[in-house]
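Only one structure is covered here, and it is reproduced in the block below.
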Amino acid sequence: MVKSPSIIQIIRRQRLRHIPNLPPDQYSSGVTAGGAYNTINTAEIFDCLSNSMHTASPIGQKLNISQICGLLMGILVLVCGLIISGLGYSQLKDQQENQLMQNARQQLQHLALTIAPSLLAEDRISLTLTLSEWQTGPQLTNIQILNTSQQVIAEQGTPLREGPEISQPVTQDNMAAGLIRADIDLSSAGRTARHYLAMGLIASGLMALLAALVAYQLTERVTGYLRQLEESLGRWDANDDPLQLPPSPAVSDLKNIHQALNRIAVREEHQKAMEQALGRFVSGHPSAPSSPLRYHECALLFIEIQDLEVLQQRLSAEELTSVLNHYHRLLSHAAKLYNGKVDRYHGSGIVMTFGIANPVTTGHEALHSLYAAQLFSGLVTHLRETDSNMLPVEFRMAAHWGNVLLAPVTQDDRTECNMIGDTVHWASHLADNGEELRLLASQTLLDHLPGNDDIQWQEGPLISDLHGGEQACYWLQELPEKNHQLIQRQIRHITAMTEQV
Numbered sequence: 021m022v023k024s025p026s027i028i029q030i031i032r033r034q035r036l037r038h039i040p041n042l043p044p045d046q047y048s049s050g051v052t053a054g055g056a057y058n059t060i061n062t063a064e065i066f067d068c069l070s071n072s073m074h075t076a077s078p079i080g081q082k083l084n085i086s087q088i089c090g091l092l093m094g095i096l097v098l099v100c101g102l103i104i105s106g107l108g109y110s111q112l113k114d115q116q117e118n119q120l121m122q123n124a125r126q127q128l129q130h131l132a133l134t135i136a137p138s139l140l141a142e143d144r145i146s147l148t149l150t151l152s153e154w155q156t157g158p159q160l161t162n163i164q165i166l167n168t169s170q171q172v173i174a175e176q177g178t179p180l181r182e183g184p185e186i187s188q189p190v191t192q193d194n195m196a197a198g199l200i201r202a203d204i205d206l207s208s209a210g211r212t213a214r215h216y217l218a219m220g221l222i223a224s225g226l227m228a229l230l231a232a233l234v235a236y237q238l239t240e241r242v243t244g245y246l247r248q249l250e251e252s253l254g255r256w257d258a259n260d261d262p263l264q265l266p267p268s269p270a271v272s273d274l275k276n277i278h279q280a281l282n283r284i285a286v287r288e289e290h291q292k293a294m295e296q297a298l299g300r301f302v303s304g305h306p307s308a309p310s311s312p313l314r315y316h317e318c319a320l321l322f323i324e325i326q327d328l329e330v331l332q333q334r335l336s337a338e339e340l341t342s343v344l345n346h347y348h349r350l351l352s353h354a355a356k357l358y359n360g361k362v363d364r365y366h367g368s369g370i371v372m373t374f375g376i377a378n379p380v381t382t383g384h385e386a387l388h389s390l391y392a393a394q395l396f397s398g399l400v401t402h403l404r405e406t407d408s409n410m411l412p413v414e415f416r417m418a419a420h421w422g423n424v425l426l427a428p429v430t431q432d433d434r435t436e437c438n439m440i441g442d443t444v445h446w447a448s449h450l451a452d453n454g455e456e457l458r459l460l461a462s463q464t465l466l467d468h469l470p471g472n473d474d475i476q477w478q479e480g481p482l483i484s485d486l487h488g489g490e491q492a493c494y495w496l497q498e499l500p501e502k503n504h505q506l507i508q509r510q511i512r513h514i515t516a517m518t519e520q521v
């Protein structure tokens, strides 16, 4: 393993790198006459420090959050244990030393009472015998008896080179007879304190290890969920699969995040289900990317699904798909019978075009849009009357005539056409001002109807167009009797086939 250079080594290399190459007979401005080395400025030092810290950054990158939390907790407990053990060691050592000093003083006091007559008479033999027979503790290594002239007349033990020394005056009948001086060995106090210090360090290490494990396990409960969540989000982003969340965590903060993500997942699932269901409304006519873009004149039937966002919140993904697919079949029947093509539009609107594939329009396309609207309205009404279990969905319908531009768009190895033009926007605007299952037609559509005065119209609202001008619109009141009867037969035929299926 290559050892990382120290900060001093890095600074030294940086310094050498910045020293200019001068001739031998010249000195740089940073070199003094006394031979002091060249200094570097503060910016260079901070640059070196930052470079050295980058060498330690991979260590933090190799550890996850759980390991870092466990390591920090272990270090914190270990530092606290070291501080407590150090303070306990110091206090215990002082306490033991004071106890030894107190015991030694008591022994010297008893000895002073015993040898006072002999010391007053300076009987060296009696003093020597008394010292030899005196039972001293291990802390008193040397005892000297001095007379009033400070001469040693009796001694026992080996004097210490280092250590505290205590003295006890000897008196009798208020007369000073001499002095007892003793050396005290306090090493036993240090040994006892170090013994407890070792036990404290071992306990601190064990507590630090236990705290690190507990912190790691507790943090792992949080980071484990986050890792599983990261994997789920990665699969969701990479494969476009439904968002599968990990099991709900026990931590309250993470539980709130889990609930928020779960709501997002449910909403995402509903949104995909709605897109899949509405995707069935996309017309299947092939595009011709090699053909130049051009406008197509056609009749438009715009059908707006009301309160689609409310349905998305109330229904599950399967229920929403089932409901929209059922209405899609009704709309497909209406488009098929009258040569219409169903195309998906933005938002909640559905566009049915008539005559977009014909090179020349004849005006019957406008009639077909009216017939398809009445057929779809009749099918929806019959469904509501006969099937109470089917959730009623409200529709607004508008018919318009104009030019649209088909723009090819390639997506997922498929080429589809987007419908562009003011005609589509105006039809959508008409539907916004319409009523449920009533067809609102523009004056432009009425102008392109072939001579057919049997259709009954009712004057509708004046609606501002895209340029701010007011445009007249009309409600479809009733079709000719022959066409009305034909549509009724078609309704009975389609519903009969649907019931058999």
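Residue numbers for the sequence shown follow the working numbering, beginning at 21 and rising by one. No residue lacks a Cβ here, since even glycine has one placed at the ideal position from N, Cα and C. Computed from a predicted structure; not experimentally measured.
Cβ-based neighbour list, residue i, same chain, cut-off 7 Å, excluding 5 preceding and 5 following
{"i": "Pro189", "result": "Ala196 and Leu199"}
{"i": "Leu411", "result": "Val343"}
{"i": "Leu480", "result": "Inspection of the sequence shows that residue 480 is occupied by Gly rather than by Leu. Closer than 7 Å at Cβ, skipping near neighbours: Leu460, Cys493, Tyr494 and Trp495."}
{"i": "Gly183", "result": "Asp203, Ile204, Asp205 and Leu206"}
{"i": "Leu180", "result": "Thr161, Asn162, Asp203 and Asp205"}
Terminal residues of the alpha helix (DSSP H) in which residue i lies
{"i": "Ser462", "result": "Premise fails: Ser462 lies in the beta strand (DSSP E), Leu459 to Ser462, not in any alpha helix (DSSP H)."}
{"i": "Pro137", "result": "Ile85 to Ala141"}
{"i": "Trp154", "result": "Per DSSP, Trp154 belongs to no alpha helix (DSSP H) and is neither H nor E."}
{"i": "Asp257", "result": "Ser207 to Asn259"}
{"i": "Leu328", "result": "Leu328 to Arg334"}
Expected contact under 8 Å - CB spacing of residue i and residue j to nearest Å
{"i": "His402", "j": "Tyr358", "result": "That belief does not hold up - the Cβ atoms of His402 and Tyr358 are roughly 18 Å apart, past 8 Å."}
{"i": "Trp154", "j": "Leu131", "result": "6 Å"}
{"i": "Leu249", "j": "Pro266", "result": "6 Å"}
{"i": "Ile370", "j": "Ile323", "result": "5 Å"}
{"i": "Ile165", "j": "Leu128", "result": "Incorrect: roughly 11 Å between the Cβ atoms, too far for contact."}
{"i": "Thr134", "j": "Ala174", "result": "That belief does not hold up - the Cβ atoms of Thr134 and Ala174 are roughly 12 Å apart, past 8 Å."}
{"i": "Ile511", "j": "Leu399", "result": "6 Å"}
{"i": "Thr191", "j": "Ala136", "result": "7 Å"}
{"i": "Gln497", "j": "Gln476", "result": "4 Å"}
First through last residue of the beta strand (DSSP E) which encompasses residue i
{"i": "Thr373", "result": "Gly369 to Phe374"}
{"i": "Ser484", "result": "Gln476 to Ser484"}
{"i": "Leu450", "result": "Unbroken run through Leu450 is the alpha helix (DSSP H), Asp442 to Asp452; no beta strand (DSSP E)."}
{"i": "Glu317", "result": "Tyr315 to Ile325"}
{"i": "Ala492", "result": "Glu490 to Glu498"}
{"i": "Gly198", "result": "Met195 to Ile204"}
{"i": "Asn162", "result": "Leu160 to Leu166"}
{"i": "Gln192", "result": "Glu185 to Gln192"}
Coil, strand or helix - residue i by DSSP
{"i": "Val413", "result": "coil"}
{"i": "Trp421", "result": "strand"}
{"i": "Val380", "result": "coil"}
{"i": "Ala455", "result": "Checking the displayed sequence, the identity of residue 455 turns out to be Glu instead of Ala. Reduced to three states, the DSSP call for Glu455 is coil."}
{"i": "Val362", "result": "strand"}
{"i": "Ser169", "result": "coil"}
{"i": "Gln510", "result": "helix"}
{"i": "Gln291", "result": "helix"}
{"i": "Ala285", "result": "helix"}
{"i": "Thr62", "result": "Here Thr62 scores only 45 on pLDDT, less than 50, and its place in the model is too uncertain to base an answer on."}
{"i": "Gln264", "result": "coil"}
{"i": "Glu175", "result": "strand"}
{"i": "Leu357", "result": "helix"}
{"i": "Leu180", "result": "coil"}
{"i": "Ala427", "result": "strand"}
Proximal residues to residue i (C-beta, below 8 Å), its chain only, five neighbours per side dropped
{"i": "Gln326", "result": "Ser368, Val413, Glu414, Phe415, Arg416 and Glu456"}
{"i": "Leu486", "result": "Asp442, His445, Trp446 and His449"}
{"i": "Ile483", "result": "His449, Leu450, Asn453, Glu490, Gln491 and Cys493"}
{"i": "Arg144", "result": "Ile173 and Ala174"}
Interface flag, residue i vs chain B, CB-CB below 8 Å
{"i": "Gln192", "result": "The displayed structure is made up of one protein chain only, and chain B is not part of it."}
Same chain, Cβ closer than 6 Å to residue i, neighbours up to 5 away in sequence not counted
{"i": "Asp474", "result": "Pro500"}
{"i": "His504", "result": "none"}
{"i": "Tyr391", "result": "Tyr358"}
{"i": "Ala235", "result": "Cys89, Gly90 and Met93"}
{"i": "Ala228", "result": "Gly94, Val97 and Leu98"}
{"i": "Pro306", "result": "In this prediction, Pro306 has a pLDDT of 46, which is less than 50 and means its spatial position is unreliable; what the coordinates show is noted afterwards. Excluding sequence neighbours, Pro306 sits near nothing in its chain."}
Residue i CB to nearest heavy atom of the ligand MN below 7 Å
{"i": "Gln491", "result": "The ligand MN is not part of the structure shown, which contains no ligands of any sort."}
- Three or more C-beta pairs below 8 Å linking the region 205-218 and the region 105-119: yes
- Query: Should the region 315-330 be regarded as contacting the region 420-428, the criterion being three or more beta carbon pairs within less than 8 Å?
  - Reply: The way I'd put it, the region 315-330 does touch the region 420-428; three or more beta-carbon pairs between them come closer than 8 Å.
- Cβ contact (3+ pairs, closer than 8 Å) linking the region 158-172 and the region 199-212: yes
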